[in-house]
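Taking this note's numbering, I'd label the letters of the sequence shown as residues 187 to 382.
Idealized CB from N, CA, C, for every residue including glycine.
See structure below.
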Amino acid sequence: MNGFLDPRSITPTLVSDPSSLTVLVNKYFEVSSDYVPSLVEVISSKNCSIRPEAAEAWDLMREACSAATGKTLYLSSGYRSYETQKKLFEDALANKGLERAVSKYAYPGRSEHQLGLALDITTTDTKSISGSFLSTEAGMWMTDHAYEFGFILRYPSGKESITGYAFEAWHYRFVGVDVATAMYGTGLCYEEYLGI
């Protein structure tokens, strides 16, 4: 469906309820430039804020991961404003080229980070995102347990042509426990689960 299409060539649909925990935002569905959710600052982060529901789940997940692995999860990025995302996309275009920009950077208004429900996760050991995160002890724990706290790996390997983005081992999305549990073990990405 998506592939690594240039989002500027797509006319997206404005989502009707950006505050829904299960809203889909991608290259085809966007939120308005002035949408700002209710946010709280989270601990074990790089001054990040996320939605309160996601923050509560984040705290519980972080504690459970630490108890099980001895590793402390770290939030590298949470909410991003439309303007911040615009700058990131434009910088990526200028410095990394079109192919890399459209495979790794969401267009402003089409980033889950603007929802306050997307989390770029690593550990306090490194504090930087990495494609090898899933092979770490904390990453393997996340693979097995993130759903229990309402999180899904949003851009899994092998689903790039559907999600429209390259695999991101660190990018988790809060969708709530019911949806995350229903998706766990199915091998479906979020677009497939929603039937889009």
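Measure the alpha-carbon distance for residue i versus residue j and round it to whole angstroms.
i, j, result
"residue 275", "residue 303", "19 angstroms"
"residue 203", "residue 310", "34 angstroms"
"residue 375", "residue 345", "7 angstroms"
"residue 355", "residue 316", "7 angstroms"
"residue 249", "residue 318", "22 angstroms"
"residue 370", "residue 335", "12 angstroms"
"residue 325", "residue 194", "33 angstroms"
"residue 373", "residue 339", "11 angstroms"
"residue 270", "residue 235", "14 angstroms"
List the whole-angstrom C-beta distance separating residue i from residue j, where the pair is believed to meet the contact cut-off of C-beta under 8 angstroms.
i, j, result
"residue 219", "residue 295", "6 angstroms"
"residue 306", "residue 262", "4 angstroms"
"residue 210", "residue 380", "6 angstroms"
"residue 225", "residue 265", "6 angstroms"
"residue 298", "residue 255", "Residue 298 to residue 255, Cβ: 26 angstroms. No contact."
"residue 191", "residue 350", "7 angstroms"
With DSSP collapsed to three states, give me the class of residue i.
i, result
"residue 320", "helix"
"residue 197", "coil"
"residue 292", "coil"
"residue 220", "coil"
"residue 307", "strand"
Among residues of its own chain, excluding the 5 on either side of residue i, which ones have a beta-carbon nearer than 8 angstroms to its beta-carbon?
i, result
"residue 286", "278"
Can you have a look at residue i and say buried or exposed, based on whether 16 or more other CB atoms are within 10 angstroms of its CB?
i, result
"residue 222", "exposed"
"residue 366", "buried"
"residue 227", "exposed"
"residue 229", "exposed"
"residue 314", "exposed"
Take residue i and list the residues in its own chain whose beta-carbon comes closer than 7 angstroms to its own, dropping the five residues that flank it on each side.
i, result
"residue 378", "348"
"residue 214", "196, 198 and 199"
"residue 205", "223"
"residue 343", "353"
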